[in-house]
Amino acid sequence: MSRQNSQRIAFALITLAATAVILPIFFIVGYIIVQGGSALSWEFITAFPRDGMKAGGLLPAIVGTLLLTLGTGIVAVPIGIGAAIYLSEYAGDNTLTRAIRIAIINLAGIPSVVYGLFGLGLFVIFLNFGSSILAGSLTLGIMTLPTIISTAEEALRAVPQSFRLVSTSLGGTRWQTIRKVVLPQALPGIITGVILGLERAAGETAPILFTVAAFFLPKIPTSIFDQTMALPYHLYVISTQVPGMPIQIQYGTALVLLIFVLSMNLLATLIRRYYRRQRTW
Amino acid sequence: MKHKQSISLSERVIERTIQGTGISAIILVVLIFFFLIKEGVPAFFEIPITSLLTTRWYPIEDYYGLLPLIMGSLIITIGASLIALPLGLATAIFIAEIVPDWTRDILKPFVEVLAGIPSVVIGFMGMLMIAPLVRTTLDIPTGLTAFTGMVLLAWMALPTIVSVVEDVIDAVPKTYRDAGLALGLTRWQTIWRIVVPAGRTGILTALMLGVGRAIGETMTVMMVTGNAARVPRGILDIFMPARTMTATIAAEMGEVAQGSPHYHVLFAVGLTLFVITFIINLAAAAVVFRQTQRSERLLS
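Those protein sequences? They're chains V and A, same order as listed. So for the first sequence, our numbering puts the first residue at 1; every next one is plus one. So for the second sequence, our numbering puts the first residue at 282; every next one is plus one.
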């Protein structure tokens, strides 16, 4: 076999494999849009579920997921950005820094269901928060930390060293330099990372199973100690736990969840693109 | 003239706080480990280790054999990795080396979209589409099998593998490629004999991260693998239902009495998962670390 032929065959196989990976993404997203589209209506997103969830809408699950995403942000954003600033601007090359890095790598690798167990053990039982939005947000927040820390650190490190030098040479202290020069420059990158982290949290099911998610609770939560329904868990419930559930409602729920997370993904991509063009360095 | 910067008290407080947030990562890992031990270790006192190492998982009658769950996780993870590695490598080569730049700019974010699809949605589609496909194609009684889980997990691990491998391929210096082409190699020979070997540690890292992701995946496997706790007896058993450690925790923790042996065993399973992923990630980090050191040596 000539070398040209072997190249042709290799490239054909690679193209085939790549198609087998990429095409199903189109297909799955497209299929959910087509199937779920017919279930979408104003009522579907603004009404409470009725008839054992077989009719009505998703309002409490949508509100629950919004609240949990917000709660996750409140927990993870300050700590995550703080840790990123520490690693990028303060940390020296020492044992403590290495230990922090190893800890972050491991936090990123812990299975989501193990976060659920941890949340159950610490927040729900030990601190006695019960199964609540508070416990769920803390659990999801901790799970989201490594994503936010690593993307924010990357954004901070991308700010050229000369910016810092100019600021300190003008008499700025380290913190003034960070707050007035480095942070504003890194902000778009940090925001992108935060959105991607929250996107992941919004779609997670396993960590909220034992810490907040309610099987069926047709009301809007009124306190952070309330349980709530959430979109991902609701999709799991109606597709596996409730016999005779109309397929349109299942696809509709999957579509709403998909729109929720993919619009966050799109937003992050747009912010990244926009600021990359604006950037002059 | 020497000018000493005076750092105000408030600035010192801010710096301490920032350091505290950094250290919180360590505290959290220790806390997670501590709570898994606190709730999981009692299992080893309540249930004799010989019972834990049996093949029967049937908690209602106090059978807590962990082997079927461990085997289930193991074969599904191995199977998923075997499927994901060649596909991931091919997709990364396709995106990095074969397609023109404009296609690359479209495909890269597209693969990232896959990473953003919640696992419960993939499990849902797997139940409705892949499982029936597996059942009718192979003519078996149910499509909810270990194999179905492997395929979906492989597909889900791909964004991680593709993006890491692509970065690695990108980082191979252009001079390597030029040298290959100048020696009369075809583009494919250059890719396969020079670029891929030069990036092999990175590819190994990608594989490990993919494995880490696959072993910890919960919702998808719970929805598509049929959840039958049984020890496989042969290779063809991958076309039978299986049950993983993660799915067991997710499916059963909601219904156990707090503080019961069953509750403690589920935490012990979580502890096992924690230790496994800890080791995998540490190993992956060590590979990356060695690699950076080596390239620093080469460049200096």
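Don't be surprised by glycine CBs; every beta carbon is placed ideally from N, CA and C. For clarity, every value in this text was computed on a predicted model and none was experimentally measured.
- In the DSSP annotation of this structure, Asp93 of chain V is not part of any alpha helix (DSSP H), being labelled neither H nor E.
- Taken in chain order, the complete alpha helix (DSSP H) segments of 4 residues or longer contained in the region 430-465 of chain A are 455-463.
- Per DSSP, Ala158 of chain V lies in no alpha helix (DSSP H) segment and is marked neither H nor E.
- The shortest CA-to-CA distance from Val392 of chain A to any of V:Arg279, V:Arg276, V:Asn265 and V:Ala213 is the one to V:Asn265.
- One Cα belongs to Ser289 of chain A, the other to Ala91 of chain V, and the distance between them is close to 20 Å.
- The beta carbons of Gly64 of chain V and Pro221 of chain V sit closer together than 8 Å.
- For Asn562 of chain A, the nearest beta carbon of chain V is closer than 8 Å to its own beta carbon.
- Within the region 39-69 of chain V, no residue has its Cβ closer than 8 Å to any Cβ of chain A.
- Annotation: Val402 of chain A to Leu235 of chain V spans about 8 Å, alpha carbon to alpha carbon.
- Residue environment: Gln278 of chain V is assigned as exposed (fewer than 16 neighbouring CB atoms within 10 Å of its CB, all protein chains considered).
- For Val402 of chain A, at least one C-beta of chain V is nearer than 8 Å to its own C-beta.
- Around the CB of Asp343 of chain A, fewer than 16 other CB atoms lie within 10 Å, so the residue is classed as exposed.
- Taken in chain order, the members of the region 17-41 of chain V whose beta-carbon sits within less than 8 Å of a beta-carbon on chain A are Ala17, Ala18, Ala20, Val21, Ile22, Pro24, Ile25, Ile28, Val29, Tyr31 and Ile32.
- Apart from sequence neighbours up to five positions away, the residues of its chain that approach Ala214 of chain V with a beta-carbon distance below 7 Å are Gln227, Thr228 and Met229, ordered along the chain.
- With contact defined as three or more Cβ pairs closer than 8 Å, the region 329-347 of chain A and the region 136-155 of chain V are not in contact.
- Taking CB atoms only, Ala361 of chain A has no neighbour in chain V less than 8 Å away.
- According to the DSSP assignment, Pro349 of chain A belongs to the alpha helix (DSSP H) that extends over Leu348 to Ile374.
- Using a Cβ-Cβ cut-off of 9 Å, Leu368 of chain A is close to Ala17, Ala18, Ala20 and Val21 of chain V, given in chain order.
- Within chain A, the residues placing a beta-carbon under 8 Å from that of Asn265 of chain V are Glu393, Val394 and Gly397, ordered along the chain.
- When C-beta atoms of the region 188-207 of chain V are compared with those of the region 301-311 of chain A, fewer than three pairs fall below 8 Å, so the two segments do not count as touching.
- Within chain A, the residues Phe316, Leu317, Lys319, Glu320 and Phe548 have their CB atoms less than 8 Å from the CB of Gly121 of chain V, given in chain order.
- When DSSP states are grouped into helix, strand and coil, Gly540 of chain A belongs to the coil group.
- In this structure, the alpha-carbon of Tyr251 of chain V lies about 14 Å from that of Met53 of chain V.
- With a 10 Å radius around the Cβ and a threshold of 16 neighbouring Cβ atoms, Pro49 of chain V comes out buried.
- Chain A has a Cβ within less than 8 Å of the Cβ of Val113 of chain V.
- Val492 of chain A is outside the set of residues whose beta carbon lies under 8 Å from a beta carbon in chain V.
- The C-beta of Ala230 of chain V comes no closer than 8 Å to any C-beta of chain A.
- Under the three-state reduction of DSSP output, Gly424 of chain A falls in the coil class, being neither helix nor strand.
- For Glu378 of chain A, there is no enclosing alpha helix (DSSP H), as DSSP marks it with neither H nor E.
- Sequence-distant Cβ neighbours of Ala452 of chain A in its own chain, meaning closer than 8 Å and more than five residues away, are Gly480 and Gly483.
- Not flagged as an interface residue toward chain A: Ser167 of chain V, since no C-beta distance is shorter than 8 Å.
- For a Cβ distance threshold of 8 Å, nothing in chain V lies close to Arg571 of chain A: the least Cβ distance comes to about 14 Å.
- For the region 429-453 of chain A, the beta-carbon criterion of a distance under 9 Å to any beta-carbon of chain V is satisfied by Trp436, Leu439 and Val443.
- Counting only Cβ-Cβ distances below 8 Å, Thr499 of chain A has contacts in chain V at Pro111, Ser112, Val113, Thr205 and Ala206, in chain order.
- Judged by DSSP secondary structure, Ser291 of chain A falls within the alpha helix (DSSP H) whose first and last residues are Leu290 to Gly321.
- Residues of the same chain with a CB within less than 6 Å of the CB of Ser362 of chain A, apart from the 5 flanking positions on each side, are Val492 in chain order.
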